[in-house]
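First up is the structure itself, then whatever we jot down about it.
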Amino acid sequence: MTDKTSKPVAVVTGAAGDIGAAIAAHLSHSHRVAAVDIDLEALKGTVSSLSQGGTDITPFRCDLTDAADLKRLGEAVRQIGQVDTLVNNAGAAASLTLHQMTPETLASDVALNLEAALNCFKTFEQDLIGSGSGTVVNIASVNGLAAFGHPAYSAAKAGLIHATRAIAVEYGKYGIRANAVAPGTVKTQAWKIRQEANPDVFEEALSWYPFKTLPEPSDIAEAVAFLVSPSARCITGVCLPVDSGLTAGSPALPRTFTQSSDFDGL
Ligand SMILES: NC(=O)c1ccc[n+]([C@@H]2O[C@H](COP(=O)([O-])OP(=O)(O)OC[C@H]3O[C@@H](n4cnc5c(N)ncnc54)[C@H](O)[C@@H]3O)[C@@H](O)[C@H]2O)c1
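Numbering-wise, the sequence shown is residues 120 to 385 according to our numbering.
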């Protein structure tokens, strides 16, 4: 068993993915990181490359949609120390449109993007309370704030934003803060198939963004690290878009409304 008197533990789910790996790397400066993923091989690869920097990151295989797996995860993570941070980052989209959605893709989108995050919170509920200053960050999406396709995933992410507020309101008395981060388009392995279908997919997406740079995994990790840190000690129940302005609006419509070239691209 590891020394429990040192750094507290941050649980980061979906840590084999690009955003999760960036979050795990960032939080490893302040925490021991329990890196969780269903894909153990990929997770081991991520952890071994991050650990070359001398970081304290332990891999845990878990299917977050499986209750027995979650129970085992709670028991195993408790062996490495006191959990004070949970980052629910694992997520993926199955249904492309409502027309194509089936009961199976709807169930899988809701199970991973909403239910798994809440069940993971319940798994570590007592640990977060016991830490006296627990923090939860749920990785939502701009899809939880407006309609951009993948409707069942988006509805689940909107639910996750609500669940974040619910945790903030009910658990504030225990010193627990809960916030969400809503990334815009981030180039990760989740985009592989779409990029193969259309190599210009990121350039086309960028044309809708007011700020002409797409967020990278490290930008999401910076936001998470801030929300987890004491600098954010009075911030709870918010959803912080890290979206290069996408949810603020898109210049094309004001261009039409005003007929002003001030909204034209450079
Ligand atoms: N990439 C983007 O453009 C983007 C935009 C908005 C929101 N997000 C959100 O950011 C988060 C990370 O996205 P990403 O792009 O890094 O995705 P990713 O596909 O690269 O990583 C997701 C990880 O979750 C893991 N996972 C999937 N199902 C699991 C399960 N049942 N149990 C445990 N682990 C499981 C996968 O193995 C994978 O390693 C997701 O919640 C996603 O919805 C991503």
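Note that CB positions come from ideal geometry on N, CA and C, so glycine has one too.
For clarity, every value in this text was computed on a predicted model and none was experimentally measured.
Within the same chain, show all residues whose beta-carbon is closer than 6 Å to that of residue i, passing over the 5 residues directly before and after it, in chain order.
i, result
"Asp362", "Val261 and Gly303"
"Ala342", "Val300, Leu359 and Val361"
"Ala135", "Asp156, Asp158, Ala161, Leu162 and Thr165"
"Arg180", "Leu159"
Could you say which of the options lies nearest to residue i if we only look at CA atoms?
i, options, result
"Ser273", "Val229, Val305 and Asn298", "Val229"
"Gly384", "Glu335, Ser337 and Tyr328", "Tyr328"
"Ser149", "Ala161, Asp203, Ala195 and Gly133", "Asp203"
"Ile354", "Asn232, Ala297 and Ala266", "Ala297"
"His281", "Asn232, Phe243, Ser326 and Asn317", "Asn232"
"Asn208", "Ala235, Arg313 and Thr221", "Ala235"
"Gln219", "Ala259, Ser369, Lys163 and Gly268", "Gly268"
"Phe330", "Arg191, Asp185 and Leu365", "Leu365"
"Thr132", "Pro222, Ser125, Ile199 and Phe240", "Phe240"
"His279", "Leu372, Tyr290 and Ile258", "A small fix is needed here, since residue 279 is Leu in this sequence, not His. Looking at the Cα atoms, Ile258 is the closest of the given residues."
"Gly263", "Gly210, Ser350 and Asp319", "Gly210"
"Ala266", "Glu160, Gly368 and Pro373", "Gly368"
"Leu189", "Ile157, Ala316, Thr283 and Gly164", "Ile157"
"Gly249", "Lys276, Leu217 and Gly294", "Gly294"
"Ser348", "Ala187, Thr254 and Gly291", "Thr254"
Expressed to the nearest angstrom, what Euclidean distance is found between the alpha-carbon atoms of residue i and residue j?
i, j, result
"Ser252", "Arg352", "9 Å"
"Asn387", "Val357", "The question about residue 387 has no answer, for the chain in this structure spans 120 to 385."
"Asp381", "Ser147", "44 Å"
"Ala287", "Ile142", "21 Å"
"Gly162", "Pro178", "This sequence places Leu at residue 162; Gly is not what is there. Roughly 7 Å separates the two Cα atoms."
"Lys126", "Val196", "14 Å"
"Gln198", "Phe321", "42 Å"
"Met120", "Leu192", "With a pLDDT of 43 at Met120, under the threshold of 50, the modelled position of this residue cannot be trusted; read the value that follows with caution. About 15 Å."
"Phe376", "Lys311", "36 Å"
"Ser350", "Ala340", "15 Å"
"Pro373", "Asp185", "47 Å"
"Ala316", "Ala275", "26 Å"
"Pro370", "Gln378", "11 Å"
"Glu289", "Thr283", "10 Å"
"Gly139", "Lys292", "29 Å"
"Lys123", "Ala187", "Only weak support is given to the placement of Lys123: the predicted model assigns it a pLDDT of 47, under 50, and the value that follows is read from those uncertain coordinates. Distance between the alpha carbons of Lys123 and Ala187 is about 25 Å."
When every heavy atom of ligand 2 is checked, does at least one fall within less than 7 Å of the C-beta of residue i?
i, result
"Trp327", "Inclusion of ligand 2 in the displayed structure is not the case, the ligand content consisting of ligand 1 alone."
Note the first and the last residue of the continuous beta strand (DSSP E) segment covering residue i.
i, result
"Ile354", "Neither: Ile354 is in no beta strand (DSSP E) and is coded neither H nor E."
"Ile258", "Thr254 to Ile258"
"Asn298", "Arg296 to Pro302"
"Thr204", "Val202 to Asn207"
"Thr224", "Premise fails: Thr224 lies in the alpha helix (DSSP H), Pro222 to Val229, not in any beta strand (DSSP E)."
"Pro270", "That residue, Pro270, is in no beta strand (DSSP E); its alpha helix (DSSP H) goes Pro270 to Tyr290."
"Ala186", "Not the beta strand (DSSP E): Ala186 falls in the alpha helix (DSSP H), residues Ala186 to Arg197."
"Val128", "Val128 to Thr132"
"Pro360", "Cys358 to Val361"
Taking the CB atoms as reference points, tell me whether residue i and residue j lie closer together than 8 Å.
i, j, result
"Val305", "Glu335", "yes"
"Gln308", "Asp137", "yes"
"Val130", "Phe243", "yes"
"Val256", "Leu325", "no"
"Leu205", "Leu247", "yes"
"Val128", "Gly200", "yes"
"His145", "Ala344", "yes"
In the DSSP assignment, the alpha helix (DSSP H) including residue i goes from what residue to what residue?
i, result
"Thr177", "Per DSSP, Thr177 belongs to no alpha helix (DSSP H); it is in the beta strand (DSSP E), Ile176 to Arg180."
"Asn317", "Segment: none, Asn317 is in no alpha helix (DSSP H) and carries neither H nor E."
"Leu159", "Leu159 to Ser170"
"Pro373", "Ala371 to Thr377"
"Asp156", "Asp156 -> not in any alpha helix (DSSP H); beta strand (DSSP E) instead, spanning Arg151 to Asp156."
"Ala236", "Ala235 to Ser250"
Leaving out five residues on either side along the sequence, give the residues of the same chain with a beta carbon under 7 Å from the beta carbon of residue i.
i, result
"Thr224", "Ala213, Ser214 and Ala271"
"Ile176", "Ala143, Ser147, Val152, Ala154, Val166, Leu169 and Ser170"
"Arg313", "Val320"
"Glu194", "none"
"Asp338", "Val361"
Counting only C-beta atoms, is residue i closer than 8 Å to chain B at any point?
i, result
"Glu289", "No chain B appears in this structure, which consists of one protein chain only."
Near residue i, which residues of its chain fall below 8 Å by C-beta distance, leaving aside the five closest residues on each side in sequence?
i, result
"Ala226", "none"
"Leu333", "Gly303, Thr304, Val305, Lys306, Phe321, Ala324, Leu325 and Ser363"
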